[in-house]
Amino acid sequence: MTRNKTYKILLISNPEEEAFCIKEYLDDSIIITSVTNTASTIDAITEIKSQKFHIIFLDLGNLGKTALNKLDHILSFTTAIPIVILSNQLNMPFSIRCLERGASDYLIKDSLDTFSVYKAIRHNIDRRNYIRALEESKQRYSRLFHLSPQPMWVYDIETLQFLDVNEAAQVKYGYSFNEFLSLKITDIRSVDEIPKMLKTVYETRKTITRTYKGIYKHRTKENSEIDVEIHSNFIKFNDKPARLILANDITEQLKHVKAMEAQNKKLREIAWTQSHVVRAPLVRMMGLVNMLNEHYEEKSDFYLEEINKSALEFDKIIREISEKTAQIEFED
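Take a look at the structure:
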(Lines of atoms letter the chains of each structure in order from A; the text may use other names.)
(Lines give C-alpha, C1' and ligand atoms only; values in the text may rest on other atoms or scores of the structure.)
Protein backbone atom coordinates (compact mmCIF):
# COMPACT_ATOMS: atom_id res chain seq x y z
CA MET A 138 0.00 0.00 0.00
CA THR A 139 1.33 3.42 -0.98
CA ARG A 140 1.60 5.66 2.05
CA ASN A 141 0.77 8.95 0.34
CA LYS A 142 -2.13 7.55 -1.63
CA THR A 143 -5.70 8.38 -0.63
CA TYR A 144 -7.89 5.29 -0.37
CA LYS A 145 -11.50 5.98 -1.21
CA ILE A 146 -13.97 4.07 0.97
CA LEU A 147 -17.73 3.78 0.47
CA LEU A 148 -19.59 3.09 3.73
CA ILE A 149 -23.19 1.93 3.43
CA SER A 150 -24.73 2.36 6.91
CA ASN A 151 -28.05 1.03 8.15
CA PRO A 152 -30.07 4.15 9.00
CA GLU A 153 -31.68 2.30 11.90
CA GLU A 154 -28.29 1.69 13.49
CA GLU A 155 -25.88 4.05 15.12
CA ALA A 156 -23.63 5.41 12.39
CA PHE A 157 -20.40 3.48 12.14
CA CYS A 158 -17.37 5.73 11.66
CA ILE A 159 -14.26 4.24 10.07
CA LYS A 160 -12.40 7.46 10.77
CA GLU A 161 -12.53 6.58 14.48
CA TYR A 162 -10.20 3.68 13.78
CA LEU A 163 -7.91 5.23 11.22
CA ASP A 164 -6.05 8.49 11.00
CA ASP A 165 -3.71 9.87 8.37
CA SER A 166 -0.66 8.53 10.20
CA ILE A 167 -1.75 5.01 9.25
CA ILE A 168 -3.31 5.48 5.82
CA ILE A 169 -5.00 8.41 4.16
CA THR A 170 -8.69 7.71 3.55
CA SER A 171 -11.62 9.49 1.99
CA VAL A 172 -14.92 8.07 3.28
CA THR A 173 -18.27 8.53 1.53
CA ASN A 174 -21.34 7.62 3.60
CA THR A 175 -24.68 6.49 2.13
CA ALA A 176 -27.82 5.20 3.83
CA SER A 177 -29.08 2.87 1.11
CA THR A 178 -27.80 0.62 -1.65
CA ILE A 179 -29.58 2.81 -4.23
CA ASP A 180 -27.60 5.86 -3.07
CA ALA A 181 -24.45 3.69 -2.96
CA ILE A 182 -24.87 2.67 -6.60
CA THR A 183 -25.32 6.33 -7.53
CA GLU A 184 -22.00 7.10 -5.81
CA ILE A 185 -20.30 4.13 -7.51
CA LYS A 186 -21.42 5.46 -10.89
CA SER A 187 -19.98 8.91 -10.20
CA GLN A 188 -16.60 8.02 -8.65
CA LYS A 189 -14.16 5.18 -8.13
CA PHE A 190 -13.83 3.42 -4.77
CA HIS A 191 -11.12 1.08 -3.55
CA ILE A 192 -13.36 -0.77 -1.07
CA ILE A 193 -16.97 -0.90 0.17
CA PHE A 194 -18.05 -1.46 3.78
CA LEU A 195 -21.66 -2.65 3.98
CA ASP A 196 -23.00 -2.20 7.54
CA LEU A 197 -25.88 -4.64 8.00
CA GLY A 198 -26.19 -4.06 11.76
CA ASN A 199 -28.68 -6.53 13.24
CA LEU A 200 -29.34 -9.12 10.58
CA GLY A 201 -32.78 -9.09 9.08
CA LYS A 202 -34.60 -10.48 6.05
CA THR A 203 -33.33 -7.77 3.75
CA ALA A 204 -29.65 -8.13 4.70
CA LEU A 205 -28.73 -10.48 1.86
CA ASN A 206 -30.84 -8.47 -0.56
CA LYS A 207 -28.65 -5.43 0.11
CA LEU A 208 -25.51 -7.42 -0.66
CA ASP A 209 -27.06 -8.90 -3.80
CA HIS A 210 -28.11 -5.42 -4.94
CA ILE A 211 -24.52 -4.12 -4.77
CA LEU A 212 -23.07 -7.27 -6.34
CA SER A 213 -25.54 -7.08 -9.21
CA PHE A 214 -24.01 -3.74 -10.12
CA THR A 215 -20.32 -4.32 -9.40
CA THR A 216 -18.09 -7.26 -8.53
CA ALA A 217 -14.86 -5.37 -9.14
CA ILE A 218 -14.81 -3.61 -5.75
CA PRO A 219 -14.20 -5.71 -2.61
CA ILE A 220 -17.19 -5.62 -0.22
CA VAL A 221 -16.66 -6.06 3.52
CA ILE A 222 -19.73 -6.95 5.59
CA LEU A 223 -20.08 -5.24 9.01
CA SER A 224 -22.45 -6.85 11.48
CA ASN A 225 -23.47 -6.58 15.13
CA GLN A 226 -23.51 -10.34 15.59
CA LEU A 227 -21.58 -13.44 14.61
CA ASN A 228 -23.85 -15.69 12.59
CA MET A 229 -21.72 -18.39 11.01
CA PRO A 230 -24.27 -19.71 8.44
CA PHE A 231 -25.11 -16.16 7.38
CA SER A 232 -21.45 -15.10 7.10
CA ILE A 233 -20.73 -18.12 4.93
CA ARG A 234 -23.67 -17.27 2.67
CA CYS A 235 -22.30 -13.72 2.29
CA LEU A 236 -18.86 -15.00 1.30
CA GLU A 237 -20.38 -17.53 -1.10
CA ARG A 238 -22.36 -14.75 -2.78
CA GLY A 239 -19.23 -12.67 -3.37
CA ALA A 240 -18.46 -10.64 -0.23
CA SER A 241 -14.72 -10.33 0.47
CA ASP A 242 -14.88 -10.35 4.26
CA TYR A 243 -17.23 -10.46 7.29
CA LEU A 244 -16.41 -8.44 10.41
CA ILE A 245 -18.09 -8.04 13.81
CA LYS A 246 -18.18 -4.36 14.78
CA ASP A 247 -17.72 -4.92 18.53
CA SER A 248 -14.42 -6.71 17.92
CA LEU A 249 -12.90 -4.06 15.67
CA ASP A 250 -9.85 -2.02 16.51
CA THR A 251 -7.40 0.10 14.55
CA PHE A 252 -5.28 -2.85 13.43
CA SER A 253 -8.21 -5.04 12.36
CA VAL A 254 -9.77 -2.22 10.30
CA TYR A 255 -6.43 -1.41 8.68
CA LYS A 256 -5.81 -5.11 8.00
CA ALA A 257 -9.28 -5.52 6.48
CA ILE A 258 -8.70 -2.60 4.12
CA ARG A 259 -5.24 -3.68 3.09
CA HIS A 260 -5.95 -7.39 2.84
CA ASN A 261 -9.13 -7.08 0.80
CA ILE A 262 -7.84 -4.43 -1.60
CA ASP A 263 -4.60 -6.33 -2.16
CA ARG A 264 -6.45 -9.62 -2.62
CA ARG A 265 -8.85 -8.09 -5.14
CA ASN A 266 -5.92 -6.57 -7.05
CA TYR A 267 -4.24 -9.95 -7.07
CA ILE A 268 -7.41 -11.64 -8.34
CA ARG A 269 -7.78 -8.98 -11.02
CA ALA A 270 -4.15 -9.44 -12.11
CA LEU A 271 -4.67 -13.19 -12.15
CA GLU A 272 -7.79 -12.84 -14.30
CA GLU A 273 -5.95 -10.55 -16.71
CA SER A 274 -3.12 -13.06 -16.88
CA LYS A 275 -5.61 -15.84 -17.65
CA GLN A 276 -7.17 -13.72 -20.37
CA ARG A 277 -3.76 -13.05 -21.93
CA TYR A 278 -2.97 -16.76 -21.78
CA SER A 279 -6.33 -17.55 -23.35
CA ARG A 280 -5.77 -15.10 -26.21
CA LEU A 281 -2.22 -16.28 -26.87
CA PHE A 282 -3.24 -19.92 -26.59
CA HIS A 283 -6.53 -20.07 -28.48
CA LEU A 284 -5.65 -17.54 -31.19
CA SER A 285 -2.19 -18.97 -31.89
CA PRO A 286 -1.76 -20.14 -35.51
CA GLN A 287 0.48 -22.95 -34.19
CA PRO A 288 -1.12 -26.08 -32.67
CA MET A 289 -0.97 -25.92 -28.87
CA TRP A 290 -2.31 -28.03 -26.03
CA VAL A 291 -2.05 -28.61 -22.29
CA TYR A 292 -1.83 -32.09 -20.78
CA ASP A 293 -1.87 -33.50 -17.25
CA ILE A 294 1.63 -34.61 -16.23
CA GLU A 295 0.34 -37.57 -14.21
CA THR A 296 -2.48 -38.94 -16.38
CA LEU A 297 -1.20 -37.65 -19.77
CA GLN A 298 -4.80 -36.56 -20.47
CA PHE A 299 -5.43 -33.54 -22.69
CA LEU A 300 -6.71 -30.61 -20.58
CA ASP A 301 -6.98 -27.86 -23.18
CA VAL A 302 -6.47 -27.67 -26.95
CA ASN A 303 -6.48 -24.68 -29.28
CA GLU A 304 -8.29 -24.45 -32.61
CA ALA A 305 -5.10 -24.79 -34.67
CA ALA A 306 -4.46 -28.21 -33.10
CA GLN A 307 -8.04 -29.30 -33.80
CA VAL A 308 -7.62 -28.36 -37.46
CA LYS A 309 -4.19 -29.99 -37.79
CA TYR A 310 -5.08 -33.29 -36.10
CA GLY A 311 -8.74 -33.56 -37.13
CA TYR A 312 -10.19 -34.06 -33.63
CA SER A 313 -12.87 -31.84 -32.11
CA PHE A 314 -12.26 -30.14 -28.75
CA ASN A 315 -14.35 -32.73 -26.86
CA GLU A 316 -12.68 -35.60 -28.72
CA PHE A 317 -9.28 -34.26 -27.70
CA LEU A 318 -10.33 -34.08 -24.03
CA SER A 319 -11.17 -37.81 -24.15
CA LEU A 320 -7.67 -38.67 -25.42
CA LYS A 321 -4.21 -38.98 -23.92
CA ILE A 322 -1.08 -37.65 -25.62
CA THR A 323 -0.09 -41.24 -26.44
CA ASP A 324 -3.13 -41.43 -28.74
CA ILE A 325 -1.60 -39.00 -31.25
CA ARG A 326 1.84 -40.61 -31.26
CA SER A 327 3.37 -42.99 -33.72
CA VAL A 328 3.37 -46.41 -31.99
CA ASP A 329 7.10 -46.84 -32.53
CA GLU A 330 7.85 -43.56 -30.73
CA ILE A 331 5.70 -44.03 -27.61
CA PRO A 332 8.63 -45.49 -25.59
CA LYS A 333 10.77 -42.46 -26.51
CA MET A 334 7.93 -40.11 -25.51
CA LEU A 335 7.32 -41.88 -22.17
CA LYS A 336 11.02 -41.63 -21.37
CA THR A 337 10.90 -37.88 -21.98
CA VAL A 338 7.77 -37.56 -19.81
CA TYR A 339 9.53 -39.41 -17.00
CA GLU A 340 12.55 -37.10 -17.26
CA THR A 341 10.35 -33.97 -17.15
CA ARG A 342 8.57 -35.31 -14.05
CA LYS A 343 11.92 -35.55 -12.26
CA THR A 344 12.77 -31.92 -13.08
CA ILE A 345 9.26 -30.54 -13.36
CA THR A 346 10.14 -27.00 -14.45
CA ARG A 347 12.46 -28.17 -17.21
CA THR A 348 11.77 -26.92 -20.73
CA TYR A 349 12.05 -29.44 -23.53
CA LYS A 350 12.42 -29.46 -27.29
CA GLY A 351 12.39 -32.48 -29.58
CA ILE A 352 11.20 -33.95 -32.89
CA TYR A 353 8.56 -36.70 -32.96
CA LYS A 354 6.23 -38.46 -35.36
CA HIS A 355 2.53 -37.83 -34.66
CA ARG A 356 -0.65 -39.38 -36.06
CA THR A 357 -3.76 -37.45 -37.09
CA LYS A 358 -7.33 -38.72 -36.75
CA GLU A 359 -7.11 -39.90 -40.39
CA ASN A 360 -3.99 -41.89 -39.40
CA SER A 361 -1.67 -39.68 -41.44
CA GLU A 362 1.85 -39.47 -40.02
CA ILE A 363 3.46 -36.04 -39.58
CA ASP A 364 6.85 -34.92 -38.28
CA VAL A 365 6.47 -32.44 -35.42
CA GLU A 366 8.93 -30.27 -33.50
CA ILE A 367 7.72 -30.03 -29.88
CA HIS A 368 8.38 -27.20 -27.39
CA SER A 369 7.29 -28.12 -23.85
CA ASN A 370 7.02 -25.93 -20.73
CA PHE A 371 5.67 -26.50 -17.22
CA ILE A 372 2.50 -24.64 -16.16
CA LYS A 373 -0.17 -24.89 -13.47
CA PHE A 374 -3.56 -25.57 -15.06
CA ASN A 375 -6.53 -25.38 -12.66
CA ASP A 376 -4.06 -26.10 -9.83
CA LYS A 377 -2.79 -29.22 -11.60
CA PRO A 378 0.84 -29.67 -12.67
CA ALA A 379 0.72 -29.72 -16.46
CA ARG A 380 2.79 -29.18 -19.59
CA LEU A 381 2.08 -26.56 -22.23
CA ILE A 382 2.98 -27.87 -25.69
CA LEU A 383 3.61 -25.95 -28.90
CA ALA A 384 3.75 -28.22 -31.94
CA ASN A 385 5.34 -27.14 -35.22
CA ASP A 386 4.65 -29.36 -38.24
CA ILE A 387 8.00 -29.78 -40.02
CA THR A 388 6.94 -32.62 -42.35
CA GLU A 389 7.47 -30.63 -45.56
CA GLN A 390 10.63 -29.09 -44.18
CA LEU A 391 12.14 -32.53 -43.51
CA LYS A 392 11.08 -33.73 -46.98
CA HIS A 393 12.88 -30.74 -48.47
CA VAL A 394 15.98 -31.50 -46.40
CA LYS A 395 15.95 -35.13 -47.56
CA ALA A 396 15.52 -34.02 -51.19
CA MET A 397 18.46 -31.64 -50.81
CA GLU A 398 20.57 -34.41 -49.28
CA ALA A 399 19.72 -36.71 -52.22
CA GLN A 400 20.54 -33.93 -54.67
CA ASN A 401 23.85 -33.21 -52.95
CA LYS A 402 24.71 -36.91 -53.11
CA LYS A 403 24.15 -36.90 -56.87
CA LEU A 404 26.22 -33.74 -57.23
CA ARG A 405 29.04 -35.39 -55.29
CA GLU A 406 28.80 -38.44 -57.56
CA ILE A 407 29.01 -36.19 -60.64
CA ALA A 408 31.97 -34.32 -59.20
CA TRP A 409 33.75 -37.59 -58.42
CA THR A 410 32.94 -38.90 -61.91
CA GLN A 411 34.28 -35.76 -63.53
CA SER A 412 37.49 -35.77 -61.50
CA HIS A 413 38.25 -39.52 -61.64
CA VAL A 414 36.23 -41.67 -64.05
CA VAL A 415 36.23 -39.22 -66.97
CA ARG A 416 39.94 -38.55 -66.59
CA ALA A 417 41.01 -42.22 -66.93
CA PRO A 418 39.93 -42.86 -70.58
CA LEU A 419 40.99 -39.37 -71.49
CA VAL A 420 44.53 -40.02 -70.20
CA ARG A 421 44.61 -43.32 -72.07
CA MET A 422 43.55 -41.62 -75.29
CA MET A 423 46.26 -39.00 -74.89
CA GLY A 424 48.86 -41.73 -74.29
CA LEU A 425 47.70 -43.72 -77.30
CA VAL A 426 47.89 -40.67 -79.50
CA ASN A 427 51.49 -40.09 -78.44
CA MET A 428 52.37 -43.74 -79.08
CA LEU A 429 50.61 -43.60 -82.46
CA ASN A 430 52.77 -40.66 -83.43
CA GLU A 431 55.92 -42.56 -82.46
CA HIS A 432 55.01 -46.01 -83.86
CA TYR A 433 52.40 -45.36 -86.49
CA GLU A 434 53.52 -48.00 -88.99
CA GLU A 435 54.11 -50.90 -86.56
CA LYS A 436 50.83 -51.10 -84.59
CA SER A 437 48.50 -48.55 -86.12
CA ASP A 438 45.46 -50.87 -86.22
CA PHE A 439 45.86 -51.78 -82.55
CA TYR A 440 46.25 -48.16 -81.47
CA LEU A 441 43.26 -47.03 -83.49
CA GLU A 442 41.10 -49.77 -81.98
CA GLU A 443 42.11 -48.79 -78.43
CA ILE A 444 41.47 -45.13 -79.19
CA ASN A 445 38.00 -46.06 -80.44
CA LYS A 446 37.28 -48.06 -77.25
CA SER A 447 38.37 -45.13 -75.10
CA ALA A 448 36.23 -42.75 -77.13
CA LEU A 449 33.19 -45.01 -76.70
CA GLU A 450 33.85 -45.29 -72.95
CA PHE A 451 34.26 -41.53 -72.73
CA ASP A 452 30.97 -41.05 -74.58
CA LYS A 453 29.15 -43.41 -72.17
CA ILE A 454 30.44 -41.57 -69.13
CA ILE A 455 29.41 -38.21 -70.53
CA ARG A 456 25.89 -39.55 -71.21
CA GLU A 457 25.65 -40.81 -67.61
CA ILE A 458 26.66 -37.38 -66.34
CA SER A 459 24.02 -35.79 -68.54
CA GLU A 460 21.34 -38.18 -67.26
CA LYS A 461 22.20 -37.46 -63.59
CA THR A 462 22.21 -33.74 -64.24
CA ALA A 463 18.80 -34.01 -65.90
CA GLN A 464 17.42 -35.83 -62.82
CA ILE A 465 18.58 -33.02 -60.52
CA GLU A 466 16.96 -30.40 -62.71
CA PHE A 467 13.71 -32.42 -62.71
CA GLU A 468 13.59 -32.64 -58.88
CA ASP A 469 14.14 -28.89 -58.51
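Each step along the sequence shown adds one to the number in the numbering used here, with nothing skipped, and position 171 is 308.
The C-beta atom is built at its ideal place from N, Cα and C for all residues, glycine as well.
Which residues in the same chain as T251 place their Cβ atom closer than 8 Å to its Cβ, once the five residues preceding and following it in sequence are excluded?
Reading the sequence shown from its first residue, position 114 is the one you call residue 251. Around T251: Y162, L163, I167.
Output the distance between the C-alpha atoms of D180 and I149, rounded to the nearest integer angstrom.
By one-based count along the sequence shown, residue 180 stands at place 43. By one-based count along the sequence shown, residue 149 stands at place 12. When the Cα atoms are used, D180 and I149 turn out to be separated by approximately 9 Å.
With DSSP collapsed to three states, give me the class of A257.
As a working note, residue 257 is residue 120 in the sequence shown. The three-state reading of DSSP puts A257 in helix, counting H, G and I together.
To the nearest angstrom, how far is it from the Cα of L300 to the Cα of E330?
Mapped onto the sequence shown, residue 300 falls at position 163. Mapped onto the sequence shown, residue 330 falls at position 193. Separation of L300 and E330 (C-alpha to C-alpha, rounded to the nearest whole angstrom) is 22 Å.
Suppose the cutoff is 6 Å on Cβ atoms and the five residues either side in sequence are ignored; what does the same chain contact list for F467 look like?
Position 330 of the sequence shown, counted from the first residue, corresponds to residue 467. Per-residue confidence for F467 stands at a pLDDT of 46, beneath the threshold of 50, marking its modelled position as unreliable; no derived number is given.
Among residues of its own chain, excluding the 5 on either side of F190, which ones have a beta-carbon nearer than 8 Å to its beta-carbon?
In the sequence shown, the residue the question calls residue 190 occupies position 53. Taking F190 as the centre and dropping the five residues before and after it, the same chain places the C-beta of K145, I146, L147, T173, E184, I218 closer than 8 Å to its C-beta, in chain order.
For D386, which of helix, strand or coil comes out of DSSP?
One-based indexing of the sequence shown puts residue 386 at position 249. Looking at D386 - three-state DSSP - the assignment turns out to be strand.
Is V254 closer than 8 Å to S241 when the C-beta atoms are compared?
Along the sequence shown, read from residue 1 onward, the residue named residue 241 stands at position 104. Along the sequence shown, read from residue 1 onward, the residue named residue 254 stands at position 117. In this structure, V254 does not lie closer than 8 Å to S241 by Cβ.
Answer yes if the stretch 260-270 comes into contact with the stretch 331-351, meaning at least three C-beta pairs across the two stretches below 8 Å, and no otherwise.
Verdict: no, contact absent.
Alpha carbon to alpha carbon, how far is K354 from M334? Give it in angstroms, no decimals.
Taking the first residue of the sequence shown as position 1, residue 334 is located at position 197. Taking the first residue of the sequence shown as position 1, residue 354 is located at position 217. Approximately 10 Å between the Cα atoms of the pair.
Where D376 falls, given that 16 or more other Cβ within 10 Å makes a residue buried
Taking the sequence shown and counting its residues from 1, one reaches residue 376 at position 239. Classification for D376: exposed.
Using 8 Å as the threshold, is the C-beta distance between A305 and P288 below it?
Position 168 of the sequence shown holds residue 305. Position 151 of the sequence shown holds residue 288. Between A305 and P288, the C-beta gap is smaller than 8 Å, which places the two residues in contact.
Alpha-carbon to alpha-carbon, K321 and L297
For the purposes of this step, residue 297 is taken as residue 160 along the sequence shown, with counting starting at 1. For the purposes of this step, residue 321 is taken as residue 184 along the sequence shown, with counting starting at 1. In a straight line, the C-alpha of L297 is about 5 Å away from that of K321.
Have a look at P230 and S213 and give me their C-alpha separation to the nearest angstrom.
Here residue 230 refers to the residue found at position 93 of the sequence shown. Here residue 213 refers to the residue found at position 76 of the sequence shown. CA-CA distance, P230 to S213, rounds to 22 Å.
Rounded straight-line distance, which links the Cα of N360 to that of V328:
Along the sequence shown, one-based indexing puts residue 328 at 191. Along the sequence shown, one-based indexing puts residue 360 at 223. Taking the straight line joining both Cα atoms gives about 11 Å.
With distance defined between alpha-carbon atoms, name the residue in K336, T170, R405, Q226 nearest to N199.
Position 62 of the sequence shown, counted from the first residue, corresponds to residue 199. Residue Q226 is the option with its Cα nearest to N199.
Looking at the secondary structure, which residues open and close the alpha helix (DSSP H) in which L300 lies?
Position 163 of the sequence shown holds residue 300. Careful: L300 lies outside any alpha helix (DSSP H), inside the beta strand (DSSP E) at 299-302.
Taking T344 and I363 to be in contact with their CB atoms under 8 Å, please state how far apart those CB atoms are, rounded to whole angstroms.
Translated into the one-based positions of the sequence shown, residue 344 becomes position 207. Translated into the one-based positions of the sequence shown, residue 363 becomes position 226. At roughly 28 Å, the Cβ-Cβ gap does not stay under 8 Å, so T344 and I363 are not in contact.
Below 8 Å on the Cβ atoms is my contact criterion, and I expect L383 with H393 to pass it. Report the Cβ-Cβ distance as a whole number of Å.
As a working mapping, residue 383 is identified with position 246 in the sequence shown. As a working mapping, residue 393 is identified with position 256 in the sequence shown. Here L383 is actually not in contact with H393; their C-beta atoms are around 21 Å apart, not less than 8 Å.
To the nearest angstrom, report how far apart Q188 and K207 are at their CA atoms.
Taking the first residue of the sequence shown as position 1, residue 188 is located at position 51. Taking the first residue of the sequence shown as position 1, residue 207 is located at position 70. Cα-Cα distance, rounded: 20 Å.
Using 8 Å as the limit for Cβ to Cβ distance, is D329 near chain D?
Of the chains in the structure shown, none is chain D; there is only one protein chain.
Could you tell me the boundaries of the alpha helix (DSSP H) in which T543 lies?
Outside the shown range of the chain, which is 138 to 469, sits residue 543, and nothing can be said about it.
Same chain, Cβ closer than 6 Å to K309, five either side skipped, listed in chain order
Position 172 of the sequence shown, counted from the start, is the residue given in the question as residue 309. Within the same chain, K309 has close Cβ partners P288.
Residues near N151 in its chain [Cβ-Cβ closer than 6 Å; skip 5 each side]
On the sequence shown, position 14 is the one that residue 151 refers to. In its chain, beyond the 5 residues on either side, D196, G198 have a beta carbon closer than 6 Å to the beta carbon of N151.
So, helix, strand or coil for N370, using DSSP?
Mapped onto the sequence shown, residue 370 falls at position 233. Residue state, collapsed to three classes: strand.
Grab me the residues of Y278's own chain with a C-beta within less than 8 Å of its C-beta, minus the 5 sequence neighbours each way, in chain order.
Position 141 of the sequence shown, counted from the start, is the residue given in the question as residue 278. Within the same chain, Y278 has no close Cβ partners at all.
Considering N149, what are the terminal residues of the alpha helix (DSSP H) in which it resides?
Your numbering for residue 149 matches position 12 in the sequence shown. Reading the sequence as shown, one finds Ile at residue 149 and not Asn. Counted as a single uninterrupted DSSP element, the stretch harbouring I149 is not any alpha helix (DSSP H) but the beta strand (DSSP E) occupying residues 143-149.
Please tell me whether M422 and I455 are closer than 8 Å, where the distance is taken between their beta carbons.
Walking along the sequence shown from the start, residue 422 turns up at place 285. Walking along the sequence shown from the start, residue 455 turns up at place 318. Contact flag unset, no.
Tell whether a beta-carbon distance below 8 Å holds between S319 and N303.
Counted from its first residue, the sequence shown places residue 319 at position 182. Counted from its first residue, the sequence shown places residue 303 at position 166. In this structure, S319 keeps its C-beta atom at 8 Å or more from the C-beta atom of N303.
Take I159 and list the residues in its own chain whose beta-carbon comes closer than 8 Å to its own, dropping the five residues that flank it on each side.
Stepping through the sequence shown from its first residue, residue 159 is reached at position 22. Excluding residues within five positions, the ones whose Cβ falls inside 8 Å are I146, L148, T170, V172, F194, V254.
Among Q276, F374, F282, which has the Cα closest to the Cα of E295?
Mapped onto the sequence shown, residue 295 falls at position 158. Closest by alpha carbon: F374.
Quick one: Cα of V338 to Cα of K358, how far?
By 1-based counting over the sequence shown, the position of residue 338 is 201. By 1-based counting over the sequence shown, the position of residue 358 is 221. One Cα belongs to V338, the other to K358, and the distance between them is close to 23 Å.
Count the other C-beta atoms from every protein chain shown that fall within 10 angstroms of the C-beta of I233, then say buried if there are 16 or more, exposed otherwise.
For the purposes of this step, residue 233 is taken as residue 96 along the sequence shown, with counting starting at 1. With fewer than 16 other CB atoms across the displayed protein chains lying within 10 angstroms of its CB, I233 is exposed.
Between K474 and R342, what straight-line distance do the alpha-carbon atoms span, to the nearest angstrom?
Residue 474 is absent from the structure shown; the chain starts at 138 and stops at 469.
Leaving out five residues before and five after Y317 in sequence, what residues of the same chain have Cβ atoms less than 6 Å from its Cβ?
Here the question's residue 317 lines up with position 180 in the sequence shown. For the record, residue 317 in the displayed sequence is Phe; it is not Tyr. Cβ neighbours of F317 beyond the five flanking positions: F299, V302.
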